[in-house]
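Colleague: Structure below; questions to follow.
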Amino acid sequence: MSEDPIMFLSGDSNFYRYVFNRQEKLNDPYGLWGVMGGSGGTAGIMGSVGCNFFEGSGGIALDFGTGEVAGFASIGMGKIFGASISGGPFAGIFIGDIASLSGKATNFNIITPWGTLTFTTSNNSLIAITLGRGGFGGGIGVAITKTTTQIGSLNGNSSGEGLNLSVCGGCPL
């Protein structure tokens, strides 16, 4: 068992809140990951010229290291090798703090009839892995998108940027 490694910097005197006071079962020894969930949608079909895949999502992220809770929204466009039109819930983990989710990133989406697995990278580093399942529609293929994500703090632990999105210019391929 270990206490929150950033201790009082989290703004909380309970050093075990970052693992929901279940330190014997949950741990984050370096305070460098969190969970996220929300809802999103995709649309695209192979064969179109230029960008042929569009995605958008929004949800909530919880940083176990700092206790910060933030809302986020993301939009992106790119290329799909296959076809997809879908929408529904997703859940996943992120690496780093909530601020690492904000800004420009690249999504690598593996789309199956059973759900979508997404790997998000920024500055050549993996920052998030999410799995979307359920909802409506479906598809099959691989899509690569350039996204812009912004966050807004829901509990006042960070400056929060508000939500003001614009699509990244150009397709990734």
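All residue numbers for the sequence shown refer to my numbering, where the first residue is 981 and numbers rise by one. From the three backbone atoms N, C-alpha and C, an ideal C-beta is built for every residue, glycine too. Nothing here was measured: the structure is a model prediction, and the numbers come from that model.
1) Can you list, in chain order, the residues of its chain with a C-beta nearer than 6 angstroms to that of Thr1110? Leave out the 5 residues immediately preceding and following it.
2) Can the beta-carbon of Gly1038 be found closer than 7 angstroms to that of Ala1053?
3) Looking at C-alpha atoms only, which residue of Gly1121, Gly1018, Ala1079 and Asp1043 is the closest neighbour of Phe1088?
4) Between the Cα of Thr1101 and those of Gly1118, Thr1129 and Ile1091, spot the shortest distance and give me the residue it belongs to.
5) Exposed or buried, what is Gly1030 when buried is set at 16 or more other beta-carbons lying within 10 Å of its beta-carbon?
6) Could you please give the first and the last residue of the uninterrupted beta strand (DSSP E) stretch that includes Ser1080?
7) Find the nearest neighbour of Leu1134 within the set Gly1047, Ile1091 and Ser1019, judged by alpha-carbon distance.
8) Since Ile1060 and Asn1032 should fall inside the 8 angstroms C-beta cutoff, what is the C-beta to C-beta distance between them, to a whole number of angstroms?
9) Report the three-state DSSP secondary structure of Pro1069 (helix, strand or coil).
10) With DSSP collapsed to three states, give me the class of Gly1035.
11) Give the DSSP-derived three-state secondary structure of Trp1094 in the structure shown.
12) In or out: Lys1126 buried (at least 16 other Cβ within 10 Å) or exposed?
13) When you compare each of Ile1078, Gly1115, Gly1017 and Ile1124 to Ile1131 by their alpha carbons, which one comes out closest?
14) Would you call Leu1042 buried or exposed, if buried means 16 or more other Cβ atoms sit within 10 Å of its Cβ?
15) Is Gly1021 closer than 7 angstroms to Gly1067 when the C-beta atoms are compared?
16) State the beta-bridge partners of Leu1042 as determined by DSSP.
17) Determine the DSSP secondary structure at Leu1134, reduced to helix, strand or coil.
Modeller: Quick look at the numbers:
1) Taking C-beta separations shorter than 6 angstroms and ignoring five residues to either side along the sequence, the partners of Thr1110 in its chain run Phe1070, Gly1072 and Thr1098, following chain order.
2) When the beta-carbon positions are compared, Gly1038 and Ala1053 come within less than 7 angstroms of each other.
3) By alpha-carbon distance to Phe1088, the top candidate from Gly1121, Gly1018, Ala1079 and Asp1043 is Gly1121.
4) For the residues Gly1118, Thr1129 and Ile1091, the minimum Cα distance to Thr1101 belongs to Thr1129.
5) Classification of Gly1030: exposed, given that the 10 Å Cβ count is below 16.
6) Under the DSSP assignment, Ser1080 falls outside any beta strand (DSSP E); it carries neither an H nor an E label.
7) Of Gly1047, Ile1091 and Ser1019, the residue nearest in Cα terms is Gly1047.
8) Separation of the CB atoms of Ile1060 and Asn1032 is rounded to 6 angstroms, and the pair is thereby assigned contact status at 8 angstroms.
9) Secondary structure of Pro1069 (DSSP, three-state): strand.
10) Correcting the residue type first, residue 1035 is Glu in the shown sequence and not Gly. The DSSP-derived three-state label of Glu1035 is strand.
11) If DSSP states are grouped into helix, strand and coil, Trp1094 belongs with coil.
12) Under this definition Lys1126 is a buried residue.
13) When each option's Cα is compared against that of Ile1131, the closest is Ile1078.
14) Leu1042 is buried by the Cβ-count criterion.
15) Yes; because the gap between Cβ atoms is below 7 angstroms, this pair is in contact.
16) DSSP lists Val1015 and Val1049 as partners of Leu1042.
17) Assignment of Leu1134 by DSSP, reduced to helix, strand and coil, places it in the coil class.
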